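Novice: Starting off with a structure, shown below.
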Amino acid sequence: MKASVPVLFLIPTLIWGSTWLAIKFQLGSVAPEVSVCYRFALAALALAWWCVATGRSLRFSWRDHVWLAALGLLMMGFNYLFIYRAEQHLTSGLVAVLFSTLVFMSPVAMRLAFGTPLAVRTFVAATFGVSGVALLFLPELRQAQAGGAVAVGVLLTLAATATCASGNLVAIRNHRAGFATLPATVWGMAYGSLLAATVAVVQGAPWAFDASVPYVLSLAYLALFGSVIAFGVYFTLLNRVGAGPASYTTVATPVIAMLMSTLFEGYRWDGIAALGVTLVAFGTWLALRPAGKSSSP
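Be aware that the sequence shown starts at 35, since it is given in the numbering used here, and climbs by one per residue.
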């Protein structure tokens, strides 16, 4: 994909910022693990069809499948399962703030795994971004109550963040090993779906399917846009700019979600929320701004 970095950043941010509306229609008669399984199974089939139609091989060695499974289990499996469970204990706003700490975890993980230099600008940008998200959800944060359930939710969200950071590292490793992005994503989604199915079976979740129009349409949107397109573009961005800047989608996505809430749920902005968006925008610009010639690569 030859699109510019801003375009690669904008596409998954816009899509993932809107998927929260679609996810609402997934919660109900179908267990979350089962819905996650449906989502990524459908996404894997759709992307596999596209790869075959465009002449992309889906063949990998069994050794390669170890890394493809790692990608799927981390990025499309545990990541989503932890988040779904965390939102049973925390407000979505607190989950968004905690998950946005990925912008701190990813550069450190890149340093430990690949020796990537840690730039001061990266942490300054991350501080602006996370602070902006916190201001955006300040009313929800004020209402958060202390207690065991909240502690569980915090741990689950941080676990999701850590698995996502690890998944980013695996995606970069696979790219450097010569794995084609789209075929690798097909297998990652397949393994993520398999993990969700396994968890559902172990927990005894009923294998229901909601044939209502809202559930089916939201499932199709999550699979095709929220998974196939968003992950395909995100992995391209990840390979282009690295895990640190790419992880900034986690601080920009809540802004899009709040804009969607303004359109569909009557959310009203105040000065603090506007300041939060300003901080996120500045931090994102700082993180994605091309480094000067004298900067480290």
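Every residue gets a Cβ at the ideal spot worked out from N, C-alpha and C, and that includes glycine. As the structure is a prediction and not an experimental result, all values here were calculated from the model.
Apart from the five residues just before and just after MET294, which ones in its own chain have a Cβ nearer than 7 Å to its Cβ?
Specialist: Only GLY51, SER52, LEU55 meet the Cβ criterion.
Novice: Would you give the residue range spanned by the alpha helix (DSSP H) that ASP244 belongs to?
Specialist: First-last for ASP244: undefined, no H or E at that position.
Novice: Can you name the start and end residues of the alpha helix (DSSP H) that LEU107 belongs to?
Specialist: Note, LEU107: premise wrong, no alpha helix (DSSP H); not H, not E.
Novice: Entirely within the stretch 222-298 and at least 3 residues each: give me those beta strand (DSSP E) ranges in chain order.
Specialist: List check, beta strand (DSSP E) in window: nothing returned.
Novice: Run through DSSP, which three-state label would GLY317 get?
Specialist: Helix.
Novice: What would DSSP say about TYR114, mapped onto helix, strand or coil?
Specialist: Three-state DSSP puts TYR114 in a helix.
Novice: Kindly list the residues whose CB is nearer than 8 Å to the CB of ALA234, restricted to its own chain and excluding five residues on each side of it in sequence; keep chain order.
Specialist: ALA65, GLU67, VAL68, CYS71, TRP241, listed in sequence order.
Novice: What is the DSSP secondary structure of PHE171, counted as helix, strand or coil?
Specialist: Coil.
Novice: Expressed to the nearest angstrom, what Euclidean distance is found between the alpha-carbon atoms of SER329 and THR318?
Specialist: Caution is warranted here: a pLDDT of 37 is assigned to SER329, below 50, making its placement in the model unreliable, and no coordinate value can be reported.
Novice: Among THR161, PHE74, GLN122, which one has its Cα closest to the Cα of PRO141?
Specialist: Closest by alpha carbon: THR161.
Novice: First and last residue of the alpha helix (DSSP H) that includes THR47?
Specialist: 39-58 is the span of the alpha helix (DSSP H), which, as asked, contains THR47.
Novice: Less than 8 Å between the CB atoms is what I'm expecting for GLY106 and GLY226, so what's the real figure, rounded?
Specialist: That pair is a contact at about 4 Å.
Novice: Based on Cα-Cα distance, which residue from ALA254, GLY260, THR312 lies nearest to ALA14?
Specialist: Residue 14 cannot be examined here, being either before or after the span of the chain that is shown, 35 to 331.
Novice: CA-CA distance, ARG119 and LEU309?
Specialist: Spanning the two alpha carbons is a distance of roughly 30 Å.
Novice: Give the straight-line distance between the Cα atoms of ARG210 and ILE290, rounded to the nearest whole angstrom.
Specialist: Taking the straight line from one Cα to the other gives about 32 Å.
Novice: With DSSP as the reference, label ALA160 as helix, strand or coil.
Specialist: Note: ALA160 maps to helix in three-state DSSP.
Novice: Is the beta carbon of VAL131 less than 8 Å from the beta carbon of PHE157?
Specialist: No, the pair does not count as a contact, with Cβ atoms beyond the cut-off.
Novice: On the CB-based measure, 16 or more other CB atoms within 10 Å of its CB, does TYR282 come out buried or exposed?
Specialist: Classification for TYR282: buried.
Novice: So the alpha helix (DSSP H) GLY127 belongs to, where does it begin and stop?
Specialist: Counting along the chain, the alpha helix (DSSP H) containing GLY127 begins and ends at 126-133.
Novice: What do you get for PRO217, buried or exposed, if any count of 16 or more other CB atoms within 10 angstroms of its CB means buried?
Specialist: Counting Cβ neighbours within 10 Å, PRO217 comes out buried, since at least 16 surround it.
Novice: Which term fits GLN60, buried or exposed, when burial requires 16 or more other beta carbons within 10 angstroms of its beta carbon?
Specialist: Looking at its Cβ environment, which holds 16 or more other Cβ atoms inside 10 Å, GLN60 is buried.
Novice: Decide if the stretch 193-212 is in contact with the stretch 78-94; the criterion is three or more beta carbon pairs, one per stretch, under 8 Å apart.
Specialist: No, the stretch 193-212 is not in contact with the stretch 78-94.
Novice: Have a look at VAL275 and GLY163 and give me their C-alpha separation to the nearest angstrom.
Specialist: C-alpha separation (whole angstroms): 18 Å.
Novice: So what's LEU152 in DSSP terms, helix, strand or just coil?
Specialist: Reduced to three states, the DSSP call for LEU152 is coil.
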